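Written below as structure tokens is the structure these notes are about.
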Amino acid sequence: MRLRCLHQAVAIALALLTLGLAACSPSARPTPAPIGLSGRLLPPYNEGALADAARPSQRVAAPVATAAPMVVVEPTAVPKQDRVNVLLLGVDERETWSEGPPRTDALMLASADPATGQVSVLSLPRDLWVSIPGFGPERINVAYRVAEMTAPGTGPDTAAA
Numbered sequence: 001m002r003l004r005c006l007h008q009a010v011a012i013a014l015a016l017l018t019l020g021l022a023a024c025s026p027s028a029r030p031t032p033a034p035i036g037l038s039g040r041l042l043p044p045y046n047e048g049a050l051a052d053a054a055r056p057s058q059r060v061a062a063p064v065a066t067a068a069p070m071v072v073v074e075p076t077a078v079p080k081q082d083r084v085n086v087l088l089l090g091v092d093e094r095e096t097w098s099e100g101p102p103r104t105d106a107l108m109l110a111s112a113d114p115a116t117g118q119v120s121v122l123s124l125p126r127d128l129w130v131s132i133p134g135f136g137p138e139r140i141n142v143a144y145r146v147a148e149m150t151a152p153g154t155g156p157d158t159a160a161a
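According to the numbering used here, the sequence shown is numbered sequentially starting from 1.
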């Protein structure tokens with residue numbers, strides 16, 4: 001009995017699926033009228049009319065490359081340096097400072113490892129919620145503005161914190 005109900009349920013589900021797919025198929029409609037052409041014809045291709053300096057009239061032998069003598073450069077030891085991190089800030093434009101300090105619209109952290117020569121860049125979303133020192137939780141793009149309003153010149157340091 002249970003198996004029979006299951007078969008019936010599957011049959012009903014397949015029938016509904018088939019009807020649903022049939023309803024989704026596009027209906028037949030005529031192709032839109034073609035766009036008329038101007039009636040102008042292009043002139044026939046004439047290779048002789050294209051002779052110019054870029055297409056020499058006779059074959060020219062290509063110059064033969066000669067290898068330069070090999071120069072051996074002795075590697076010099078590079079002093080080990082620490083990773084270099086740079087915070088890149090892009091601020092919005094304001095007509096005057098009467099509107100207040102700008103907000104940072106673009107924040108990217110670039111990190112370079114001189115030992116391996118690898119560079120990584122991380123883009124931070126401007127609406128990322130962070131804890132701003134001395135202010136509390138807020139969007140990261142407000143950190144620069146809040147710091148500049150509190151103590152002018154401290155925006156970059158606060159944004160980096």
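Cβ coordinates follow ideal geometry from the N, Cα and C atoms, glycine included.
This one's a predicted model, so the numbers in the text were calculated from it and none came from an experiment.
Check	Outcome
Closer than 6 angstroms by C-beta to leucine 128: which residues in its own chain qualify, once you throw out the five before and the five after it? Chain order, please.	Ile140
Between which residues of its own chain and glutamate 138 is the CB-CB distance below 6 angstroms, once the five residues before and five after are set aside?	Ile132
Look up alanine 62 in the DSSP assignment and say whether it is helix, strand or coil.	coil
If you measure between the beta carbons of arginine 103 and valine 72, is that distance less than 8 angstroms?	no
Taking just the CA atoms, how far does leucine 107 sit from alanine 151?	21 angstroms
Return the first residue and the last residue of the alpha helix (DSSP H) that glutamate 148 is part of.	143 to 150
So for glutamate 99, helix, strand or coil by DSSP?	helix
So isoleucine 132 is in the beta strand (DSSP E); what residue range does that whole segment cover?	129 to 132
Taking only three categories from DSSP, how would you classify aspartate 113?	strand
If leucine 109 and leucine 89 are in contact, beta carbons under 8 angstroms, what's the gap, nearest whole angstrom?	The pair is not a contact, with the Cβ atoms about 10 angstroms apart (cut-off 8 angstroms).
Find out if the Cβ-Cβ distance for the pair proline 101, tyrosine 144 is shorter than 8 angstroms.	yes
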